[in-house]
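See below for the structure under consideration.
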Amino acid sequence: MSIKNLLLLIKTFLKIKDKKRAVTKLRLFENFIPKKASIVDIGAGSGQFSLLLQKASYAVSSVDIKDKTNTQNINLIHYDGSTLPFPPACFDVSMLITVLHHCPNPERVFKEAVRVSKNRIFILEDVYSNMVMKYLTWAMDSLVNLEFFSHPHTNKSEKEWEILFSKNDVQVLHKQKLKVLFIFAQVLYILEKK
Numbered sequence: 168m169s170i171k172n173l174l175l176l177i178k179t180f181l182k183i184k185d186k187k188r189a190v191t192k193l194r195l196f197e198n199f200i201p202k203k204a205s206i207v208d209i210g211a212g213s214g215q216f217s218l219l220l221q222k223a224s225y226a227v228s229s230v231d232i233k234d235k236t237n238t239q240n241i242n243l244i245h246y247d248g249s250t251l252p253f254p255p256a257c258f259d260v261s262m263l264i265t266v267l268h269h270c271p272n273p274e275r276v277f278k279e280a281v282r283v284s285k286n287r288i289f290i291l292e293d294v295y296s297n298m299v300m301k302y303l304t305w306a307m308d309s310l311v312n313l314e315f316f317s318h319p320h321t322n323k324s325e326k327e328w329e330i331l332f333s334k335n336d337v338q339v340l341h342k343q344k345l346k347v348l349f350i351f352a353q354v355l356y357i358l359e360k361k
């Protein structure tokens, strides 16, 4: 097999994986998204989640620091990873779907998500409960995302995320713990501005 064919095979596999993950994630959120909501998908990655939201008739702005989209139907808005290029309270919902632990300064990115949201912020994050799980989570995340050298691994525990939320005047409307691959943990947070 040539390198070109191998790369094509990997790209195809990643696109299928991203589509399946996007469908699973949308099922978690769909009952909490107001009808006809305007949504900013911060850290849009492959764009598959944004694409599903668009197909469900939401007005979606997809934002990321790097274009990793694998679909033609997403108009990615580039930003500097610090300040979102939008005025305050211009979206019904800000979404950070397994994004914050990829950010060198997740606190800053979260504050920006709160700033541009009229009301709700949706977060899905990998969490850990002890040091062993912290390092296993880091290893698995690097493997799944093929990020071995530049990943900041700014994961937090549930308690640490919830402290961050309270410091930014948002309240938890809904919290759901999820198991991933039997041993890893994620938490879904539906947050609302106070």
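Mapping of the sequence shown onto my numbering: position 33 corresponds to residue 200, and the numbering continues sequentially without gaps. Even glycine gets a Cβ: it sits at the ideal position worked out from N, Cα and C. Being a predicted model, the structure only gives us computed values, none of them experimental.
Query: Under the three-state DSSP convention, the category V260 falls into; Result: strand
Query: Span separating the alpha-carbon of Y356 from that of Q338; Result: 10 Å
Query: Continuous beta strand (DSSP E) assignments of at least 3 residues falling wholly in the region 242 to 292; Result: 243 to 245 and 258 to 264
Query: Reference S217, options L251, T250, V260 and P255, closest by Cα; Result: V260
Query: Where the beta strand (DSSP E) containing F216 begins and where it ends; Result: No beta strand (DSSP E) contains F216, which is instead part of the alpha helix (DSSP H) from Q215 to K222.
Query: Presumed contact (8 Å Cβ cut-off) between M262 and V207, rounded CB distance; Result: 7 Å
Query: Minimum C-alpha distance to P255 - residue among L243, F332, E279 and I232; Result: E279
Query: For L195, the nearest candidate out of N242, I264, E274 and H268 (CA to CA); Result: I264
Query: Residue closest to K326, alpha-carbon to alpha-carbon, out of F351, E359 and E292; Result: E292
Query: Unbroken beta strand (DSSP E) run spanning E197, endpoints; Result: Premise fails: E197 is in no beta strand (DSSP E) and is neither H nor E.
Query: Same chain, Cβ closer than 6 Å to S205, five either side skipped, listed in chain order; Result: A226, F258 and D259
Query: Same chain, Cβ closer than 7 Å to E359, neighbours up to 5 away in sequence not counted; Result: N286, R287, V337, Q338 and L340
Query: Cβ-Cβ separation, S249 to R282 (assumed contact under 8 Å), whole Å; Result: With 8 Å as the limit, R282 and S249 do not qualify as a contact, their Cβ atoms being about 12 Å apart.
Query: Buried versus exposed call for K222 [16 or more other C-beta atoms within 10 Å across all chains shown]; Result: exposed
Query: Bridge partner(s) assigned by DSSP for I209; Result: V230
Query: Whole-angstrom distance between S224 and L267, CA atom to CA atom; Result: 26 Å
Query: Span of the beta strand (DSSP E), counted from its first residue to its last, around K346; Result: V337 to V347
Query: Where K426 sits in the DSSP three-state scheme; Result: Not covered by the structure: residue 426. The range shown for the chain is 168 to 361.
Query: Short Cβ contact (7 Å threshold) for V354 with K344; Result: yes
Query: Candidates T191, A211, G210 and L220: closest to K203 by CA position; Result: L220
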